[in-house]
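J.:
In our numbering, the protein residues as written are 150 to 836.
Here is the structure:
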């Protein structure tokens, strides 16, 4: 058990008065100094010293529970198939897949001639590339259409600025370095002589798409599109499923604009599909000489339309928007439009022929998550589908549309053993304080007693329209087998129940997200799945913001709080235009610089600004020094203010990864350690 009384004194960050005026209000920020003015180069010794002290305190506090961390690590690692591999997928003349060697932290990417049964040629060995590096993350990996070359990118700091390289697959040698400020996908031209890619500027915004001709000077790479109209927009590249077009997209969180250039002539004048219009989103695919458009222009839950490249903005409805069916996306294959959608919060996949016949894929469980898998070829007789549930391990299906049947290609193995019959899952509808019913997915062992005595783990995210599906987790078994129930609250701010569900949790309606989470916890208490103070909660990034808000508003509900890379200094961050994400985030949260109401609203919930002199539950906070999304000083400032303000003696721990970014450590086993630490902290807090 972590006993602060037996630990050295926790570090106390110096208070340095700092304040500013906005909209006639004064805001104090005594820990403003923790933001190194030289960021992203963090060299201020006072800042680094404080972070090191916090890390040392974390190590000291966790020392008594390190045996539990080691046990959890062994359990979690034991559920990973060390020599795991993906199901090979055909793309042209080759089958491609990835594989782990036993004990390896990183994948190898391989291929072989289709149907050959050969062992496989290594395209890229991540472990070899990561050797000697504290951090390694593969970004893009794209093989040229003729199979001779690979364009690949990697990040070795966690700062999400990737280096793009061209590799000769015949020799395995890298022959060109294109750029070291790349982020996003890479797309080959049809002639295999050029790649389209996107670069970030000094503020980490993907502001332009460029084209690199092999053998040319990268400094002279022409710009295919540069975003000059709105600094909040980010540029991305992609390709249509039929590979006829390279897609040049630009968007913020609620508005998008798309251009196409021919893959055979990428420097041709881009074809603008439709000029941007506030709050209109659309995406485009291509098949049979037509453009297939997914858009929310006339219905909140989107529609599917068709257009001609000769009149790309003239959209004729193919599938109308619906209050019941949330159309999430489409892919136009040779034989079908494959449409991913959600009905009553449940994933569906619909296939529609170009003659108009359609059907949905039938799945074997009542509650599950399903999505279209990796299907690189345009004309394919079947479709890969990913599937799982809270009790069913991740499964890869091949769907045969002619027979209407699912063939199982792979089920995630749990080497240490897993018996699904021991567990039960259910979906509850819990009333929020405004009467809206909030879905909550729950899993527990069948011998779990619903009498309020057992511990409960509750997770949520609730932002950006990102749903958290009721999927399988091998890590979660370490809690379930210790007598815990585990739940996911599908709160507003995600798009679990449609796009309107997202809109009802953003900007001026942001408080709905926070209320939904606390009300979901109370509903679980009413259902006998927990009791106040016996609930451990966890969330990351915007989900970390959620953790910070509910720790302020409902501290008595929680027995432990784990906030990973938490977005908690919301008011200050949303007023700092120099930060990478701020302008693009204004549609999500509001712009407190220009809008006094947005300022007041954000200030009302911003976790850092709302820390008060009260009892807080045990808390574990994490961050990454190189994180460009949630900068390290947000968790650091929050922890410092909590230490100086809270009235309890409960553990408060801060861990800053000094060599990683938003996702923590990069190796598959190194990352387990961090998850084990979070679980151990919660288990000890609720013991």
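Where a beta carbon is used, it is the ideal one built from N, C-alpha and C, also for glycine. Small disclaimer: the values here were computed from a predicted structure and weren't measured.
Leaving out the 5 sequence neighbours to the left and right, which residues in its chain are closer than 7 Å to residue 709 when beta-carbon positions are compared?
T.: Residue mapping note: residue 709 aligns to position 560 of the chain shown, counting from 1. Answer for residue 709: 685, 766, 767, 830, 831, 834 and 835, listed in chain order.
J.: How many Å lie between residue 622 and residue 215 at the Cα?
T.: Here residue 622 corresponds to residue number 473 of the chain shown, with the count starting at 1. Here residue 215 corresponds to residue number 66 of the chain shown, with the count starting at 1. C-alpha separation (whole angstroms): 23 Å.
J.: For residue 523, I'd like the list of residues in its chain whose CB is within less than 7 Å of its CB, leaving aside the five on either flank, ordered along the chain.
T.: As a position in the chain shown, residue 523 is number 374, starting the count at 1. These residues qualify, in order along the chain: 238 and 533.
J.: Measure the beta-carbon distance from residue 496 to residue 519 and round it to whole angstroms, keeping in mind my assumption that it falls under 8 Å.
T.: The residue given as residue 496 occupies position 347 in the chain shown. The residue given as residue 519 occupies position 370 in the chain shown. That belief holds up - the Cβ atoms of residue 496 and residue 519 are roughly 4 Å apart, short of 8 Å.
J.: With residue 642 and residue 612 assumed to form a contact (beta carbons below 8 Å), what rounded beta-carbon distance in angstroms separates them?
T.: Along the chain shown, read from residue 1 onward, the residue named residue 642 stands at position 493. Along the chain shown, read from residue 1 onward, the residue named residue 612 stands at position 463. Contact flag correct, Cβ pair sits at about 5 Å.
J.: CA-CA distance, residue 339 and residue 388?
T.: Start at 1 with the first residue of the chain shown, and residue 339 comes out as number 190. Start at 1 with the first residue of the chain shown, and residue 388 comes out as number 239. Rounded to the nearest angstrom, the two C-alpha atoms are 11 Å apart.
J.: I'd like to know if the region 325-341 and the region 301-313 are in contact, where contact means that at least 3 CB-CB pairs between them fall below 8 Å.
T.: Enough Cβ pairs lie closer than 8 Å, so yes.
J.: Considering just the uninterrupted stretch of the alpha helix (DSSP H) at residue 883, what are its terminal residues?
T.: Outside the modelled stretch of the chain, which goes from 150 to 836, sits residue 883, for which no answer is possible.
J.: Just verifying my parser: in three-state terms, what is the DSSP assignment at residue 539?
T.: Counting from 1 along the chain shown, the entry for residue 539 is found at position 390. Looking at residue 539 - three-state DSSP - the assignment turns out to be coil, as it is neither helix nor strand.
J.: Quick one: what's got a C-beta closer than 7 Å to residue 792's C-beta in the same chain, skipping five residues either side?
T.: Position 643 of the chain shown, counting from 1, holds the residue named residue 792. Closer than 7 Å at the Cβ level, and outside the excluded window around residue 792, lie 159, 161 and 801.
J.: For residue 376 versus residue 384, is the C-beta distance shorter than 7 Å?
T.: Working through the chain shown from its first residue, we reach residue 376 at position 227. Working through the chain shown from its first residue, we reach residue 384 at position 235. Their beta carbons are under 7 Å apart, which means residue 376 touches residue 384 by this criterion.
J.: Are the region 780-791 and the region 162-180 touching by the rule of at least three beta carbon pairs closer than 8 Å?
T.: The answer is yes - the region 162-180 touches the region 780-791, with three or more Cβ pairs under 8 Å.
J.: Using only CA atoms, which one of 450, 479 and 219 lies nearest to residue 440?
T.: Taking the first residue of the chain shown as 1, we reach residue 440 at position 291. The shortest Cα separation from residue 440 among 450, 479 and 219 belongs to 479.
J.: Residue 687 lies in the beta strand (DSSP E); which residues open and close that run?
T.: Residue 687 sits at position 538 when you count from the first residue of the chain shown. It spans 684-689 - the beta strand (DSSP E) in which residue 687 sits, taken as one unbroken run.
J.: Inspect the CB distances between the region 455-465 and the region 631-647 and report whether three or more fall short of 8 Å.
T.: Counting Cβ pairs under 8 Å, fewer than three are found: no touch.
J.: Short check: CB of residue 689 to CB of residue 665, under 7 Å?
T.: By 1-based counting over the chain shown, the position of residue 689 is 540. By 1-based counting over the chain shown, the position of residue 665 is 516. For residue 689 and residue 665, no; Cβs fall outside 7 Å.
J.: Are the CB atoms of residue 730 and residue 770 within a distance shorter than 7 Å?
T.: Sequence index remark: in the chain shown, residue 770 carries index 621 (1-based). Sequence index remark: in the chain shown, residue 730 carries index 581 (1-based). Result no, Cβ atoms of residue 770 and residue 730 do not sit closer than 7 Å.
J.: Under DSSP, the beta strand (DSSP E) around residue 721 begins and ends at which residues?
T.: Here residue 721 refers to the residue found at position 572 when the chain shown is read from its first residue. Counting along the chain, residue 721 falls outside any beta strand (DSSP E), though it belongs to the alpha helix (DSSP H) covering 719-722.
J.: Just the C-alpha distance for residue 356 and residue 781, rounded to the nearest angstrom, thanks.
T.: Position 207 of the chain shown, counted from the first residue, corresponds to residue 356. Position 632 of the chain shown, counted from the first residue, corresponds to residue 781. Their backbone Cα atoms lie some 24 Å apart in a straight line.
J.: Do the CB positions of residue 461 and residue 488 come within less than 7 Å of each other?
T.: Working through the chain shown from its first residue, we reach residue 461 at position 312. Working through the chain shown from its first residue, we reach residue 488 at position 339. Not a contact, by the Cβ cut-off of 7 Å.
J.: If you draw a straight line from the alpha carbon of residue 584 to that of residue 751, how long is it in whole angstroms?
T.: Sequence index remark: in the chain shown, residue 584 carries index 435 (1-based). Sequence index remark: in the chain shown, residue 751 carries index 602 (1-based). Cα to Cα, residue 584 sits roughly 24 Å from residue 751.
J.: Indicate whether the contact test is met: 3 or more Cβ pairs, each with one atom in the region 594-609 and one in the region 672-682, closer than 8 Å.
T.: The region 594-609 is in contact with the region 672-682.
J.: Using 8 Å for Cβ pairs, my map puts residue 717 next to residue 697. What's the rounded Cβ distance?
T.: Translated into the one-based positions of the chain shown, residue 717 becomes position 568. Translated into the one-based positions of the chain shown, residue 697 becomes position 548. Their Cβ separation, rounded to whole angstroms, is 4 Å, which keeps residue 717 and residue 697 in contact under 8 Å.
J.: Can you check DSSP and say which residues form a bridge with residue 635?
T.: In the chain shown, residue 635 corresponds to position 486, counting from 1. 592 and 606.
J.: Give me the Cα-Cα distance between residue 324 and residue 266, rounded to the nearest whole angstrom.
T.: Translated into the one-based positions of the chain shown, residue 324 becomes position 175. Translated into the one-based positions of the chain shown, residue 266 becomes position 117. C-alpha separation (whole angstroms): 29 Å.
J.: Would you call the region 556-566 and the region 407-425 in contact, with 3 or more CB pairs under 8 Å?
T.: They do not touch, by the three-pair rule.
J.: According to the Cβ coordinates, are residue 516 and residue 367 closer than 7 Å?
T.: Numbered from 1 along the chain shown, position 367 holds the residue referred to as residue 516. Numbered from 1 along the chain shown, position 218 holds the residue referred to as residue 367. Not closer than 7 Å, so no.
J.: Between residue 546 and residue 529, what straight-line distance do the alpha-carbon atoms span, to the nearest angstrom?
T.: As a working mapping, residue 546 is identified with position 397 in the chain shown. As a working mapping, residue 529 is identified with position 380 in the chain shown. Cα to Cα, the separation comes out at about 14 Å.
J.: Look up residue 363 in the DSSP assignment and say whether it is helix, strand or coil.
T.: Counting from 1 along the chain shown, the entry for residue 363 is found at position 214. Residue 363 falls in the coil class under three-state DSSP.
J.: Can you list the alpha helix (DSSP H) stretches of 4 or more residues lying completely in the region 526-571, in chain order?
T.: Taking only runs of at least 4 residues, no alpha helix (DSSP H) segment lies wholly in the region 526-571.
J.: Under the three-state reduction of DSSP, which class applies to residue 344: helix, strand or coil?
T.: Residue 344 sits at position 195 when you count from the first residue of the chain shown. Correct three-state label for residue 344: strand.
J.: Residue 261 and residue 244: beta carbons closer than 7 Å?
T.: The residue labelled residue 261 in the question sits at position 112 within the chain shown. The residue labelled residue 244 in the question sits at position 95 within the chain shown. It is a contact, given that the beta carbons lie within the stated cut-off.
J.: Given this structure, state the Cα-to-Cα distance separating residue 826 from residue 346, to the nearest angstrom.
T.: Mapped onto the chain shown, residue 826 falls at position 677. Mapped onto the chain shown, residue 346 falls at position 197. C-alpha separation (whole angstroms): 38 Å.
J.: Quick check on the DSSP output: what are the complete alpha helix (DSSP H) runs of length 4 or more inside the region 645-697, in order along the chain?
T.: For the region 645-697, whole alpha helix (DSSP H) runs of length 4 or above, ordered along the chain, are 648-652 and 660-675.
J.: Let me confirm a value: residue 721 is counted as buried when at least 16 other C-beta atoms fall within 10 Å, else exposed. Which label applies?
T.: As a working note, residue 721 is residue 572 in the chain shown. Label assigned to residue 721: buried.
J.: Can you tell me where the alpha helix (DSSP H) with residue 733 in it begins and where it stops?
T.: By 1-based counting over the chain shown, the position of residue 733 is 584. Where residue 733 is concerned, the enclosing alpha helix (DSSP H) stretches over 731-738.
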